[in-house]
Amino acid sequence: MRVRSLFSVLLPAPSTASTTERLRASAGALLGLLVTGTVAHLMLGEDAIWLVAPMGASSVLLFCLPASPLAQPWSVIGGNVISALVSAACVRWLGHLLPLPALAALGTALAIAVMFFTRCLHPPGGAAALTAVIGGPAVHAAGFSFALGPVLVDSMLLVAAAVVYNNLTGRRYPHAQTLSHPNPHATRDEVPTVRLGFKPEDLDAVLRRYGQVLDISRDDLEALFLQTEMRAYQRRFGVIACGDIMSRDVVTAEFATPLTEAWHAMRGRHIAALPVLNPARRVIGIVTQSDFLKHSGLDDYRGMREKLKDFLKPTGLSHTEKAEVVGQIMTARPRVAQTDTPIVDLVPLMADAGLHHIPIVDAEERFAGIVTQSDVVAALYEHRLTEASSPA
Numbered sequence: 000m001r002v003r004s005l006f007s008v009l010l011p012a013p014s015t016a017s018t019t020e021r022l023r024a025s026a027g028a029l030l031g032l033l034v035t036g037t038v039a040h041l042m043l044g045e046d047a048i049w050l051v052a053p054m055g056a057s058s059v060l061l062f063c064l065p066a067s068p069l070a071q072p073w074s075v076i077g078g079n080v081i082s083a084l085v086s087a088a089c090v091r092w093l094g095h096l097l098p099l100p101a102l103a104a105l106g107t108a109l110a111i112a113v114m115f116f117t118r119c120l121h122p123p124g125g126a127a128a129l130t131a132v133i134g135g136p137a138v139h140a141a142g143f144s145f146a147l148g149p150v151l152v153d154s155m156l157l158v159a160a161a162v163v164y165n166n167l168t169g170r171r172y173p174h175a176q177t178l179s180h181p182n183p184h185a186t187r188d189e190v191p192t193v194r195l196g197f198k199p200e201d202l203d204a205v206l207r208r209y210g211q212v213l214d215i216s217r218d219d220l221e222a223l224f225l226q227t228e229m230r231a232y233q234r235r236f237g238v239i240a241c242g243d244i245m246s247r248d249v250v251t252a253e254f255a256t257p258l259t260e261a262w263h264a265m266r267g268r269h270i271a272a273l274p275v276l277n278p279a280r281r282v283i284g285i286v287t288q289s290d291f292l293k294h295s296g297l298d299d300y301r302g303m304r305e306k307l308k309d310f311l312k313p314t315g316l317s318h319t320e321k322a323e324v325v326g327q328i329m330t331a332r333p334r335v336a337q338t339d340t341p342i343v344d345l346v347p348l349m350a351d352a353g354l355h356h357i358p359i360v361d362a363e364e365r366f367a368g369i370v371t372q373s374d375v376v377a378a379l380y381e382h383r384l385t386e387a388s389s390p391a
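Residue numbers for the sequence shown follow numbering that gives the first Met the number 0, beginning at 0 and rising by one.
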């Protein structure tokens, strides 16, 4: 039991990464290093140093942790190159005064300090600094050219490969942090989720008090906290799915639905949006009253009636630049939710992103209904009312 307990303490917790994510990251490192090594070999030549060991460590960050602050382009390129330059300077000016172990330790420590100062902390930069000291006569002879040659070229090529691969496989890279929560209505009020939950200033204060390096971006950390809050709400108050509250008898449109027909359907039914479906009943867009106003130039309300009549009136021509059908003014690829999606997952979209209507699709991605802000508010109110009236 003692041995098992010891191993449980020493071993890290199991990874939460899915099998797909593990394969995606491994394939990215394979392709990234293959491209980097091949191109660097062609650029720098057979006899030159064309691929340095720290790139293996950089590839772990770039393809496994592309959202990490330690894996962003400036961190990778700046961290590797600056660290190699710092150690190369130590070798040139202090190499005759210090033994090799002391020189290696000093170069690496100074490189870490400079990376902190230049805001490009990158763990493989420590390996680049160490390589510049213990890399042997060829590296020492190269001097600063080691940092400005293979280290710089390899870092830039690997970052370029990561930009292409990560974005093609669904990972945002570079991962720019979103520090603000702009109100979709352009007012000075904070978005509703910030008003009700923890504020960004609360997170900033905790991070300052923590005072250590985190291998996660601030906006990702905030998103995880918000999702944790929603999951805790579901656990305490139960789960209401979109399929439970959605409107099923919904007026819809097709790409080729004439604008006049869509407008009269919305006005006649007193609705503000029409989901746009293809023949297989899959959602390809959504058209709202705002789309009609925007495309008909009704931001200037003078002569609104005449402008709208002109906009809706067909030209009768087979080829025209004027919008004539719904597909020409709709918002393509709108946000959708599944019938089993908990409605609390829609709250940030409706409250912060300003979405008023979210189409709901079934397991086969076919249109099943629509959920509006009013539906969500009514469901949450009814749920809390039922809870309040239940005996303790």
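Glycine is no exception: its CB is placed at the ideal position from the N, C-alpha and C atoms.
- A residue is called buried when at least 16 other Cβ atoms come within 10 angstroms of its Cβ; Phe115 does not meet this threshold and is exposed.
- Counting along the chain, Gly284 sits inside the beta strand (DSSP E) bounded by residues 282-287.
- Put simply, the backbone Cα of Thr287 is about 29 Å away from that of Ala222.
- Excluding five sequence positions before and after Val138, the CB atoms of its chain that fall closer than 8 Å to its own CB belong to Ile48, Thr130, Ala131, Phe145, given in chain order.
- Around the beta carbon of His174, 16 or more other beta carbons sit within 10 angstroms, so the residue counts as buried.
- Here the segment 350-365 lies against the segment 257-273, with 3 or more beta-carbon pairs under 8 Å apart.
- In this structure, DSSP gives Phe254 a state outside helix and strand, which the three-state scheme calls coil.
- Ala160 counts as buried, since at least 16 other C-beta atoms from the protein chains shown sit within 10 angstroms of its C-beta.
- DSSP places His356 in the uninterrupted beta strand (DSSP E) bounded by 356-360.
- The C-alpha of Thr330 lies about 22 Å from the C-alpha of Thr340.
- Contact between Leu102 and Leu93 holds, with the beta-carbon distance rounding to 6 Å and staying under 8 Å.
- According to the DSSP secondary-structure assignment, Gln337 is paired through a beta bridge with Val360.
- Rounded to the nearest angstrom, the gap between the Cα atoms of Ala26 and Ala56 is 15 Å.
- DSSP lists no beta-bridge partner residue for Leu167.
- Only buried fits Gly106, as 16 or more other CB atoms lie within 10 angstroms of its CB.
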